[in-house]
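Participant: I have a structure here, written as structure tokens, and I will follow up with some questions on it.
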Amino acid sequence: MENEILLQLKNVAVHYGGVKALDGVDIALDEGEIVALMGPNGAGKSTVLKALFGLAPIKSGKVLWHEDEINPIPHKIIQKGIAFVPQGRRVFTHLTVEENLEIGGFTVRDKVELKRRINEVMEMFPVLRQKRKAKSGTLSGGQQQMLALARGLMTDPKILLLDEPSLGLSPKIVKEVFAKIKEINLNRKTAIMIVEHNIKSLLSIADRAYVLDKGKVVAKDTAENITNSDVLEKVFMGKYTKSI
Ligand SMILES: Nc1ncnc2c1ncn2[C@@H]1O[C@H](COP(=O)(O)OP(=O)(O)OP(=O)(O)O)[C@@H](O)[C@H]1O
Ligand SMILES: [Mg+2]
7 MENEILLQLK NVAVHYGGVK ALDGVDIALD EGEIVALMGP NGAGKSTVLK
57 ALFGLAPIKS GKVLWHEDEI NPIPHKIIQK GIAFVPQGRR VFTHLTVEEN
107 LEIGGFTVRD KVELKRRINE VMEMFPVLRQ KRKAKSGTLS GGQQQMLALA
157 RGLMTDPKIL LLDEPSLGLS PKIVKEVFAK IKEINLNRKT AIMIVEHNIK
207 SLLSIADRAY VLDKGKVVAK DTAENITNSD VLEKVFMGKY TKSI
């Protein structure tokens, strides 16, 4: 049986003034999979995640949750079990690690359950337990990225949208972050859509990949086939013009 589609954009256009950030884009995320979004700067990758999360001005097309058309608005999207960890580690630097996690779990009303989840994510990221009383601004870049990821997990999402989780991190920490992402996917069955410039690491954990260029999808395939094709080379060299 095919896995069920959880969330998708159907023929979606997003315009920022005169800029066509997305132009007739079809992208889907199935149950339990890791989907990679790749492409050069300005291709529209972040816009895809924002459109799914209700943070981009959708000009035309549809967003579907399972089979139903939805009008994404962030707080409603969170209630459906979708979490978004945006580009650039947006932790609240003046608050402690623990306070950041509490904010991440704002949908959890029960105090005992909130504690349980904080404990659970600290199990996963031991460094956060060590630093739980520290102001987040004093954490290293890698630790802040771990915190951003952990905070995204506090709502116990079914879907995680990650924008450049390895940005600015050293190769060793990048490896750790990617291992955590794969672990989240395997242990929690979380479906993950991830934008990343670190293509090798990304394709090594992804099931499927989309390649975007100038607001259009120019390739979609299994991660393996994308790895073995020359599409990325072409797109990054600016030689790809055709959309699929
Ligand atoms: N808020 C905005 N206002 C105006 N234009 C925007 C806005 N956000 C994005 N754009 C434009 O939309 C296009 C797609 O941007 P997007 O951020 O999705 O690219 P990206 O693929 O994530 O690039 P990067 O790899 O640099 O993060 C770009 O041309 C960008 O300048
Ligand atoms: Mg981006």
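Heads up, the sequence shown is in our numbering, so the first residue is 7 and it goes up one at a time. Note that the Cβ used here is the ideal one computed from N, Cα and C, for glycine as well.
When you compare the CB positions of residue 142 and residue 97, do they come within less than 8 Å of one another, or not?
Facilitator: By one-based count along the sequence shown, residue 142 stands at place 136. By one-based count along the sequence shown, residue 97 stands at place 91. It is a contact, given that the beta carbons lie within the stated cut-off.
Participant: What is the DSSP secondary structure of residue 81, counted as helix, strand or coil?
Facilitator: Position 75 of the sequence shown, counted from the first residue, corresponds to residue 81. In the structure shown, residue 81 sits in a helix (DSSP, three-state: H, G or I).
Participant: If you measure between the beta carbons of residue 90 and residue 167, is that distance less than 8 Å?
Facilitator: Taking the first residue of the sequence shown as position 1, residue 90 is located at position 84. Taking the first residue of the sequence shown as position 1, residue 167 is located at position 161. Yes, the Cβ-Cβ distance between residue 90 and residue 167 is below 8 Å.
Participant: Can you find the residues in the same chain that come closer than 6 Å, C-beta to C-beta, to residue 182, ignoring five residues on each side of it along the sequence?
Facilitator: Here residue 182 is taken as the residue at index 176 of the sequence shown, counted from 1. Cβ within range, chain order: n/a, list empty.
Participant: Which residue marks the beginning of the beta strand (DSSP E) containing residue 75, and which one marks its end?
Facilitator: Mapped onto the sequence shown, residue 75 falls at position 69. Looking at the DSSP string, the run of the beta strand (DSSP E) that includes residue 75 is 74–76.
Participant: Taking the straight line between their C-alpha atoms, what separation do you get for residue 32 and residue 58?
Facilitator: Locating residue 32 in the sequence shown gives position 26, counting from the first residue. Locating residue 58 in the sequence shown gives position 52, counting from the first residue. About 12 Å.
Participant: Under a CB-based cut-off of 8 Å, is residue 155 close to chain B?
Facilitator: Of the protein chains in the structure, only one exists, and it is not chain B.
Participant: Under 7 Å from any heavy atom of ligand 1, does the C-beta of residue 47 make it?
Facilitator: On the sequence shown, position 41 is the one that residue 47 refers to. Indeed, a heavy atom of ligand 1 lies less than 7 Å from the Cβ.
Participant: Is it right to say residue 75 is buried, meaning 16 or more other beta carbons lie within 10 angstroms of its own, or is it exposed?
Facilitator: Within the sequence shown, residue 75 is the residue found at index 69, counting from 1. Exposed, because fewer than 16 other Cβ atoms sit within 10 Å of the Cβ of residue 75.
Participant: Would you give the residue range spanned by the beta strand (DSSP E) that residue 31 belongs to?
Facilitator: The residue you call residue 31 lines up with position 25 of the sequence shown. Counting along the chain, the beta strand (DSSP E) containing residue 31 begins and ends at 25–36.
Participant: So what's residue 90 in DSSP terms, helix, strand or just coil?
Facilitator: The residue you call residue 90 lines up with position 84 of the sequence shown. Three-state result, residue 90: strand.
Participant: May I ask you to list the residues that DSSP assigns as paired with residue 217?
Facilitator: Counting from 1 along the sequence shown, the entry for residue 217 is found at position 211. 44 and 225.
Participant: Can you pull the DSSP bridge partners for residue 20?
Facilitator: In the sequence shown, the residue the question calls residue 20 occupies position 14. For residue 20, which the question treats as bridged, DSSP gives the partners 28 and 64.
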